[in-house]
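In our numbering, the protein residues as written are -5 to 541. Heads up, the beta-carbon is just placed ideally off N, CA and C, and yes, glycines get one too. Since the model is a prediction, treat every value here as computed from it, not as a measurement.
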């Protein structure tokens, strides 16, 4: 009889787990002691082995998804066994009901026959849902489908590019077969766990599967099966054009290969892939040796593409006429609106402002940057000063919970970076242990990759304090909204040259305004003021940061 496997509790504090990787796929034979999956807990990523043997009939939590302890992780049983009752929440197949109630059971079974047919997954068919690609992701937008209905899908192939609240990411298939159904079209947005696609043997009838998933409320209602079948060729044709364009101009590469290539300054167009369908993998980048000919060849298509790029359309508006333009909100813009609204309306904000002298900081920066291969900005100096001040005032480095205030004794500073679609906050982990030059290098790297949408979700998680700087735009003073779950955010203005009083004399000086937005639930006014005093001391006398 089939057995339910639930999300295990792998640590004493674990309440939910994330499936990092499935090492078995539906249809695989499983022996007792085999590793089923790698599961990420609140403490580590651990291997989870099977205590049962049979065939893996169902996967309940896809790779990258998070679920509470005791959620349905998988079902193991005999090959071809009916597991519809288990999927519906029962403990055993309906056919094993007691014989004494046979007439009633038969009537009940007949009445439930259509539902059972819909719930039962045909052999080898796998339902792929919208994955949770970041810890804050609640819905995703399909930017591009790289496969179309009817295409063969191999394990590891990129199915689609999905736009989350933080970045546009490639979504790999963890199953092999034929793409039988697409549930979310390009440009459409759907909640996490919505029906994204169905993969299985070619020619399999999956209309019941799609209908049942819709009936469960996990996806937007779709047309009846007959209409779906009729519309399938048109959908396939619409997707085909995109797929052909993608295959003609898109370079297949794993995310890790892309990151290494970006770090090394290697153009992917120069690299020959050794993976599936010519996909570039890590070893291809590590073993790549650039040549002059390759660079020349690679630059030609780029120049051609740049030259052929269509110019932005010019809109002519006749004088005296009203003209409006509607721009569809990106996933990032929606999340920014949601998170900042929640922060402003739930956290009682107040702002503290202080003016700091920048004369010594300017001299110190000039001396530091005179060292070869060293480049430090004023923002880097502010970040370093914040990290040291937070160690002295840990209440600023806190998080509000309904039943407690969490004091973070590690310092992870988020740096607000403006990108095309909005704002992202990459995080400098353990900032207090970094030197000024390390902070400068890390900020430039993170900001550059943020603007190119190359940041991973893990690089935007875990901040304990945030710095936002608009000084480069000439903004002298502003107030920011707190980046939850932080308790404070520092707004940094421009350096202004103006008359100042020193030792009773009016002289020319350089000053900068700092504004600290605080959550009054965790930070009282005096606590915030003391933090700003310490911060002012560090910035006005940078040598004290070495003590």
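- In the displayed model, residue 81 falls within a helix according to three-state DSSP.
- Across the structure, residue 3 and residue 80 are spaced so that their CA atoms are roughly 21 Å apart.
- A distance of 7 Å or more separates the beta carbons of residue 341 and residue 517.
- Nearest to residue 63 by C-alpha distance, out of 275, 17, 29 and 13, is 13.
- Assignment of residue 473 by DSSP, reduced to helix, strand and coil, places it in the coil class.
- No Cβ-Cβ contact shorter than 7 Å links residue 374 with residue 504.
- Scanning the stretch 395 to 435 for uninterrupted beta strand (DSSP E) segments of 3 residues or longer gives 399 to 401, 407 to 409, 411 to 413 and 416 to 418, listed from N- to C-terminal end.
- Contact between residue 167 and residue 194 does not hold, since their C-beta atoms are separated by about 12 Å, which reaches or exceeds 8 Å.
- In the three-state reduction of the DSSP assignment, residue 339 falls in the helix class, which pools H, G and I.
- Counting every other CB atom within 10 Å of its CB across the protein chains shown gives residue 73 a total below 16, marking it as exposed.
- In the structure shown, the three-state DSSP call for residue 184 is strand.
- Closest in alpha carbon position to residue 450, among 181, 127, 204 and 466, is 127.
- Beyond the five residues adjoining it in sequence on each side, residue 456 comes within less than 6 Å, by CB distance, of 406 and 421 in the same chain, given in chain order.
- Using a Cβ distance threshold of 7 Å, residue 462 and residue 513 do not count as a contacting pair.
- Residue range 519 to 534 is occupied by the alpha helix (DSSP H) that includes residue 522.
- Between residue 32 and residue 41, the C-beta spacing is below 7 Å.
- Under the DSSP assignment, residue 280 falls in the alpha helix (DSSP H) whose first and last residues are 276 to 280.
- Judged by DSSP secondary structure, residue 513 falls outside any alpha helix (DSSP H) and instead within the beta strand (DSSP E) spanning 499 to 513.
- At a cut-off of 3 residues, the continuous stretches assigned as beta strand (DSSP E) that sit fully inside the stretch 146 to 202 are 152 to 157, 162 to 166, 171 to 176, 183 to 185 and 189 to 194.
- Ranked by how close their Cα comes to the Cα of residue 158, the residues 138, 428 and 473 have 138 in first place.
- In this structure, DSSP gives residue 69 an extended state, which the three-state scheme calls strand.
- Checking the DSSP bridge columns, you'll see residue 392 partnered with 401.
- Between residue 510 and residue 382, the C-beta gap is not smaller than 7 Å, which leaves the two residues out of contact.
- In this structure, the straight-line span from the alpha carbon of residue 394 to that of residue 428 is close to 27 Å.
- In chain order, 449 place their CB closer than 6 Å to the CB of residue 443, counting only its own chain and leaving out the 5 sequence neighbours on each side.
- A residue is called buried once 16 or more other Cβ atoms fall within 10 Å of its Cβ, and residue 358 is buried on that count.
- In this structure, 117 is the residue among 283, 117 and 396 with its C-alpha nearest to the C-alpha of residue 171.
- In this structure, the CA atom of residue 438 is about 51 Å from the CA atom of residue 82.
- In the structure shown, the three-state DSSP call for residue 541 is coil.
- In this structure residue 540 is exposed. Its beta-carbon is surrounded by fewer than 16 other beta-carbon atoms within 10 angstroms.
- Taking residue 143 as reference, the option from 133, 125, 197 and 356 with the minimal CA-CA separation is 197.
- Judged by DSSP secondary structure, residue 362 falls within the alpha helix (DSSP H) whose first and last residues are 353 to 363.
- Going by beta carbons, residue 120 and residue 169 fall inside the 7 Å limit.
- Membership of residue 376 in the alpha helix (DSSP H) is indicated by the continuous run 372 to 386.
- With a cutoff of 7 Å on beta-carbon distance, residue 181 and residue 189 are scored as not near each other.
- Counting C-beta atoms within 10 angstroms of its own C-beta, residue 325 has 16 or more neighbours from the protein chains shown and is therefore classed as buried.
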